[in-house]
């Protein structure tokens with residue numbers, strides 16, 4: 150019979166996971182910012198304070214090529 154090996158949670162394993170997750174967030178945040186920003190109104194893009202997710206979305210940015 151094969152017994153399942155129990156995985157031990159180590160400090161190094163937790164640090165590796167936290168590092169990987171934070172690196173993924175750092176890499177993906179600008180891409181999400183650009184994608185969401187392309188659907189925002191110009192007033193909302195230039196507004197202060199900046200928001201990640203807007204309140205009103207439009208396709209107006211894609212009307213002219």
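In the numbering used here, the protein residues as written are 150 to 214. The C-beta atom is built at its ideal place from N, Cα and C for all residues, glycine as well. What you are looking at is a predicted structure, and each value in this text was computed from that prediction instead of being measured.
Residue 205 in three-state terms, based on DSSP: Here residue 205 sits in coil by DSSP.
Continuous alpha helix (DSSP H) stretch holding residue 171: start and end: 160–186
Buried/exposed call for residue 192, threshold 16 Cβ in 10 Å: exposed
Buried or exposed (CB count within 10 angstroms, at least 16 for buried), residue 189: buried
Spatial distance of residue 166 from residue 207 (CA atoms): 37 angstroms
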